[in-house]
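Take any residue in the sequence shown, note its place counting from 1, add 129, and you have its number in the working numbering. Backbone N, C-alpha and C fix where the C-beta goes; we use that ideal spot for every residue, glycine too. Before any comments, here is the structure.
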Amino acid sequence: MTIEQLKALRESEDKIEFKEAKHNFSFAGSEHTLQEERRKCFLGYVVAFANERGGTLVLGMTDNHPHVVVGSDFAQGKIGELEDEVYNRLRIRVRIEELEENGLRVLVVNIPSRPVGKTLKFEAVPLMRVGGSLRNMSDEEIYSILSEQEPDFSAKICHDASISDLDQIAIANLKSAYSQKQNNPAFLASGDFQALSDLELIRDGKITYAAIILLGSERSISKYLPQSAINLEYRNTVAQINFDNRQIFSKAYFIAIDLLWQAIDLRNGKTPVQQGPYIFDIPFFDQEVIREAINNAITHRDYKKNSETLIKQFPNELHIINPGGFPLGVTIDNLLTVNSTPRNRLLADVLAKTGAVERSGQGIDKIFYRSISDAKPDPDYTKSDDYQVELHLSTVVEDKTFALFIKDIQSRRSESEKLSLQELIVLSKVCKKTDQSTLDKSILQKLETAGLVERIGKTKANKYILSKDYQIFSGTKVDHSACSAITK
């Protein structure tokens, strides 16, 4: 990898971490007393990345995008010794490269995944990355890893299949998507067999079930894995039992996903929002939300079950129902906090490498992020059980003023300063006047400092409300002494 390629990567998307580490970057954190300080070291990051199934640590570049080379003297002249010491302590082999720009040294550390079903530990504690920091791994994450016993169905060989069972258009779509996502135009010139082998869709010359799902012809899907088809049903009301229209999508997923969205979009609409200089529309069905939700269903469903993925579309809702419960370690309560292990790892990896899905744990974040930003109800998974995952998405914009408020905030912030998902959740709960005792106090304080919320009332009776900008947009003013909103 070149420095120019590194500069283009984003920490949030590419499983990579940038550290300046100009001088005195700690190897094992031994100079600190507290464990929470000791873990912020080279070995700590290696452990955390390995626990996340591998990644890249870059020393000598700034973490803000676009990344700037500042140079690092870490382990200068001792790369071999560094690799040996990592192996001695952790029993994994890291691969380290040295790059240079204008006399400034950059260290690129490629970290492999931990063994399946095992955590890597720093000072007897498994670590994980949370944002830009290192934390002790949560109980849910540890359980998820220790429970990794279910084999990856998508990586299994479909023994009777051959490359002639794959759709040429789907293969071309995959190669184009991978080439664009990875900025690798040479991949387009690869032969189909070689390209699919590189992505492990063909293993030892044999076709995997992931290849059938993503690239199979209609005939081969019907023959080898008919349950991978997706059913789209339309009803005028949620209470209606019989569907008004039904389409079955049994083409390769790299073809079907576009056809599926087009069918959903035919019955799409929009909610107009207008206030002062702001004029915009909120679509009933947001394309990114719908595609990400369908991608999640395809990635996480249990293909050993014979039922198909079902999508029910209504004028004001969309339901996605897929066989198999949540992946191990995931519950309704920790959906947004635990990094899930895809039930079909190979399938998920290929979709991630081609840009079809977010990296592990990020897809559901996008679904919530965009739904909350549009002032729609939170995505609802409460109908899920141990046998299926059921997602309900609403088209209803509950508060146009809140959508306008968020749009105004985001328009005044740079890409790196946009509101985080957790900040959006807190703002939404403040707006809806939910119980504030459970809200993250540090996030509330950050939002107050930024002028996005304010406190009203006195002593123990005080509470947070959205800032004056929201009040202006909504046409209300606040009596701070009475803790009540008064309409002008």
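Among the options, nearest to residue i - alpha-carbon criterion
{"i": "K399", "options": "L330, S523, R420 and N302", "result": "S523"}
{"i": "Q566", "options": "G261, E544 and Y593", "result": "Reading off the sequence shown, one finds Ser at residue 566, where the question assumed Gln. Among G261, E544 and Y593, the Cα nearest to that of S566 is on Y593."}
{"i": "R220", "options": "P244, F203, N239 and A318", "result": "P244"}
{"i": "G158", "options": "I411, D143, V175 and I145", "result": "V175"}
{"i": "A306", "options": "A150, V254, I384 and P355", "result": "I384"}
{"i": "R472", "options": "Q391, N312, R430 and A392", "result": "R430"}
{"i": "T466", "options": "P195, S267 and E519", "result": "S267"}
{"i": "S500", "options": "D333, V479, A422 and K250", "result": "A422"}
{"i": "N231", "options": "M190, L354 and S540", "result": "M190"}
{"i": "F93", "options": "P406, V215, L343 and I132", "result": "For the chain, the structure presents residues 130 to 617; residue 93 sits outside this window and is missing."}
{"i": "N153", "options": "T530, T131, S201 and N193", "result": "S201"}
{"i": "P412", "options": "A358, E229 and A532", "result": "A532"}
{"i": "S141", "options": "E583, A481 and E277", "result": "A481"}
{"i": "I274", "options": "D503, N180 and K505", "result": "N180"}
{"i": "K441", "options": "N371, L138, L163 and N313", "result": "N371"}
{"i": "A137", "options": "E166, K151, P195 and T162", "result": "P195"}
{"i": "N312", "options": "D143, E329, T460 and N217", "result": "D143"}
{"i": "G334", "options": "S293, A358, I240 and V223", "result": "S293"}
{"i": "D478", "options": "Q323, E226, Q416 and D281", "result": "D281"}
{"i": "I496", "options": "K285, Q574, Q416 and R541", "result": "Q416"}
{"i": "Y216", "options": "I240, A150 and K151", "result": "I240"}
{"i": "Y599", "options": "Q574, K529, G173 and D327", "result": "K529"}
{"i": "I461", "options": "L439, Q517 and Y498", "result": "Q517"}
{"i": "H521", "options": "R168, Q404, F443 and K285", "result": "F443"}
{"i": "K285", "options": "A315, L172 and L330", "result": "L330"}
{"i": "L163", "options": "E527, E519, N265 and S540", "result": "N265"}
{"i": "F414", "options": "L395, I408, Q403 and Q404", "result": "L395"}
{"i": "P401", "options": "Q369, V526, E519 and T438", "result": "V526"}
Terminal residues of the beta strand (DSSP E) in which residue i lies
{"i": "F378", "result": "N374 to F378"}
{"i": "V402", "result": "K399 to Q404"}
{"i": "L476", "result": "Segment R474 to K482 is the alpha helix (DSSP H) holding L476; no beta strand (DSSP E) there."}
{"i": "T530", "result": "That residue, T530, is in no beta strand (DSSP E); its alpha helix (DSSP H) goes K529 to S540."}
{"i": "T524", "result": "Unbroken run through T524: none, as it is neither H nor E."}
{"i": "F409", "result": "Y407 to P412"}
{"i": "Q323", "result": "Q323 -> not in any beta strand (DSSP E); alpha helix (DSSP H) instead, spanning D321 to D327."}
{"i": "I622", "result": "Because the chain in this structure spans residues 130 to 617, residue 622 falls outside the shown range and cannot be described."}
{"i": "I440", "result": "T438 to Q442"}
{"i": "L703", "result": "Since the displayed the chain opens at 130 and closes at 617, residue 703 lies outside it and no answer follows."}
{"i": "L228", "result": "R224 to E230"}
Same chain, Cβ closer than 6 Å to residue i, neighbours up to 5 away in sequence not counted
{"i": "A177", "result": "L256, M257, R258 and L263"}
{"i": "L581", "result": "S596"}
{"i": "I336", "result": "C287 and A290"}
{"i": "R375", "result": "E362"}
{"i": "S502", "result": "I535"}
{"i": "K148", "result": "L188"}
N- and C-terminal bounds of the alpha helix (DSSP H) containing residue i
{"i": "G492", "result": "G492 to S502"}
{"i": "T428", "result": "Q416 to H429"}
{"i": "R218", "result": "I208 to L219"}
{"i": "K512", "result": "Unbroken run through K512: none, as it is neither H nor E."}
{"i": "E347", "result": "E347 to Y353"}
{"i": "Y363", "result": "Run containing Y363: none in the alpha helix (DSSP H); it sits in the beta strand (DSSP E), I359 to Y363."}
{"i": "Q391", "result": "Y382 to D394"}
{"i": "Y338", "result": "Y338 to L344"}
7 Å Cβ shell around residue i - same chain, five flanking residues per side excluded
{"i": "C170", "result": "S155, F156, A157 and G158"}
{"i": "D373", "result": "Y363, R364 and N365"}
{"i": "S351", "result": "S379"}
{"i": "E552", "result": "I572 and L576"}
{"i": "S436", "result": "Q356 and P452"}
{"i": "L464", "result": "I493 and Y510"}
{"i": "T483", "result": "L303, A306, Y307 and K310"}
{"i": "I132", "result": "V198, L228, E230 and V235"}
{"i": "R420", "result": "I386 and W390"}
{"i": "S545", "result": "N193 and H194"}
{"i": "N591", "result": "R584 and I585"}
Proximal residues to residue i (C-beta, below 8 Å), its chain only, five neighbours per side dropped
{"i": "A611", "result": "Per-residue confidence for A611 stands at a pLDDT of 40, beneath the threshold of 50, marking its modelled position as unreliable; no derived number is given."}
{"i": "P456", "result": "S273, H429, S469, T470, P471 and R472"}
{"i": "N424", "result": "I386, L480, A485, V486 and G492"}
{"i": "S349", "result": "A290, D294, L295 and I341"}
{"i": "H609", "result": "Caution is warranted here: a pLDDT of 46 is assigned to H609, below 50, making its placement in the model unreliable, and no coordinate value can be reported."}
{"i": "E252", "result": "Q164, R167 and R168"}
Stretch pair the segment 441 to 448 + the segment 547 to 565: three plus CB contacts closer than 8 Å: Contact between the segment 441 to 448 and the segment 547 to 565 is not established, with fewer than three Cβ pairs separated by less than 8 Å.
Runs of alpha helix (DSSP H) wholly within the segment 545 to 613 (minimum 4 residues, chain order): Within the segment 545 to 613, the complete alpha helix (DSSP H) runs of at least 4 residues are 550 to 560, 570 to 578 and 597 to 603.
Every unbroken beta strand (DSSP E) inside the segment 236 to 310 [3 residues or more]: Fully enclosed beta strand (DSSP E) runs of no fewer than 3 residues occupy 254 to 259 and 262 to 265 of the segment 236 to 310, in order along the chain.
At least three beta-carbon pairs within less than 8 Å, the segment 508 to 521 to the segment 314 to 325: Touching, no, given that fewer than three Cβ pairs across the two stretches are closer than 8 Å.
Any 3 or more C-beta pairs closer than 8 Å across the segment 245 to 254 and the segment 191 to 208: A contact is defined here as three or more CB-CB pairs under 8 Å, and the segment 245 to 254 fails this definition with respect to the segment 191 to 208.
Entirely enclosed alpha helix (DSSP H) segments - the segment 173 to 199, minimum 4 residues: The DSSP assignment places no complete run of the alpha helix (DSSP H) inside the segment 173 to 199 (cut-off: 4 residues).
Contact the segment 230 to 241 vs the segment 178 to 195: 3+ CB pairs below 8 Å: Flag = yes, the segment 230 to 241 and the segment 178 to 195 touch.
Contiguous alpha helix (DSSP H) assignments of at least 4 residues, all confined to the segment 135 to 174: You should have 164 to 167.
Touching by the beta-carbon criterion (3+ pairs, under 8 Å), the segment 426 to 440 and the segment 473 to 480: Yes, since at least three Cβ pairs between the segment 426 to 440 and the segment 473 to 480 fall closer than 8 Å, the two stretches touch.
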